[in-house]
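A short write-up of the structure that comes next.
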Amino acid sequence: MKKLKNLTIATDRNGQGGIATVLNGYANEHFFEMTNSEILISHSTNAKFGLLSQLFTFGLCILNLIYQLLFCNIGLVHIHMSSRGSYMRKSKLIKLIKYFNVKVVLHLHGAEFREFYGNECDATKQAKIRETFNSVDKVIVLSSQWMQWLKTILDDPSKGVVVYNAVPALEIEKRITEEFNFVFLGRLGERKGVTDLIEAFKYVVQKHPQSRLLLGGDGDINKYCKLVETLELTESVKLLGWISGDDKLNVLKQANAYVLPSYNEGFPMGVLEAMSCNIPVIASTAGGIPDAITHGIDGLLVEAGDTNALQLAMQSFIESPTQTKKMECAAKAKFLKNFSPQVIIPQIKMIYTDLGAL
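Using the numbering used here, you'd call the opening residue of the sequence shown number 55 and step up by one each time.
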């Protein structure tokens, strides 16, 4: 009998966003070699020819998948999915895979999937989503909050499992600066609470003129440039555009605090990266963030949209350096215990083993 082979279906690893970051983390830990897995690309965020290119990429994925299902001994297919278009593509692939009676692990990443399901889908579409989720063999979600929602649509709740995202520990040498730098990394938009962050920072910088806000990410940059100008913060707020690699590390070296006041999240990679770098975190209670940050112990949590609480949290990091230092040390310890690849990768491998794919 041929050796078992596993497949991973996901977005392009060279793209932007959380799924690409997760896949690159797996690759760095040799996960795909350990599990004899091949990656099939279903979508690329770097497509140069728009819709035509995306259709070609998806079509190629389908053809490759059919070939693998016909001629290889497939143990399971691990599908990384978010919401909307990602769900539409992946649900079709799941139906195809189950036609061949092959096991499927569905890995849910989309921070807005609950809103997509509850607010954008009618009863017929919701039934189709439930059918898709119940047809697979395992559903991985990123936090305990997401698990609570998942149980409402699974006929067999034991199919669901929480596996946190993992990032490699980033060992950086912090730069000593006269400024106190608050850093945000992610797509600039209302879902991430960027307007709230800028408006809260306006009052922080009035009390602490040495503070700075560094915003790294793509999205509606022009909108936030105009807001910064309107609030007369051009000397204190810097919009850096999308940054990665060494550029991101250089920004993290300057960071005195990491801020993420999101309205919706899965399990944000940026929070984990900050924890691994000994950077204290201020974040909202959205999604899986409370699984990573315990308020007052290893960071500070505020309710999304509460700009006054956000302002006070930012000021407290500046005004209470001893307490801030204790929280950043506690966050690094929690990261090493719960969110490092050395902890998470074995959990994924165990799922493969339990499903007979290893």
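All C-beta atoms, glycine included, are put in the ideal place defined by N, C-alpha and C.
Residue i - partner residues in DSSP beta bridges
i           : result
residue 236 : 267, 311
residue 353 : 349
residue 293 : 269
residue 93  : 62
residue 157 : 130
Start and end residues, alpha helix (DSSP H) containing residue i
i           : result
residue 261 : 248 to 261
residue 107 : 104 to 125
residue 288 : Residue 288 -> no alpha helix (DSSP H), and no H or E assigned at all.
residue 143 : 139 to 153
residue 411 : Taken as a continuous stretch (DSSP letters only), residue 411 belongs to no alpha helix (DSSP H), as it is neither H nor E.
residue 74  : 72 to 82
residue 279 : 275 to 284
residue 86  : 85 to 88
Top-ranked residue by Cα proximity to residue i, from the options
i           : options            : result
residue 409 : 226, 200, 191      : 191
residue 343 : 104, 82, 200       : 200
residue 389 : 220, 149, 158      : 220
residue 127 : 136, 360, 61, 188  : 61
residue 75  : 351, 330, 375, 322 : 322
residue 234 : 107, 312, 324      : 312
residue 280 : 81, 349, 248, 306  : 248
residue 147 : 198, 336, 81, 123  : 123
residue 307 : 179, 226, 135      : 226
residue 412 : 92, 108, 117, 130  : 130
residue 173 : 300, 154, 138      : 138
residue 63  : 324, 115, 283, 380 : 115
residue 86  : 67, 97, 104        : 67
residue 132 : 195, 71, 175       : 195
residue 229 : 405, 304, 77, 142  : 304
residue 193 : 136, 177, 84       : 136
residue 71  : 270, 375, 263, 370 : 270
residue 142 : 277, 182, 240, 315 : 182
residue 165 : 211, 317, 403, 386 : 317
residue 310 : 244, 286, 232      : 232
Beta carbon of residue i nearer than 8 Å to that of residue j
i           : j           : result
residue 401 : residue 259 : no
residue 296 : residue 272 : yes
residue 252 : residue 291 : yes
residue 224 : residue 327 : yes
residue 152 : residue 159 : no
residue 145 : residue 186 : yes
residue 294 : residue 268 : yes
residue 357 : residue 341 : no
residue 83  : residue 59  : no
residue 384 : residue 355 : no
residue 255 : residue 368 : yes
residue 250 : residue 361 : yes
residue 163 : residue 73  : yes
residue 88  : residue 403 : yes
First and last residue of the uninterrupted beta strand (DSSP E) at residue i
i           : result
residue 131 : 128 to 135
residue 320 : Careful: residue 320 lies outside any beta strand (DSSP E) and carries neither H nor E.
residue 60  : 59 to 65
residue 338 : 335 to 338
residue 373 : Per DSSP, residue 373 belongs to no beta strand (DSSP E); it is in the alpha helix (DSSP H), 361 to 373.
Curious, which full-length alpha helix (DSSP H) runs of at least 4 residues does the stretch 159 to 243 contain?
Taking only runs of at least 4 residues, the alpha helix (DSSP H) segments lying wholly in the stretch 159 to 243 are 167 to 173, 177 to 189, 198 to 204.
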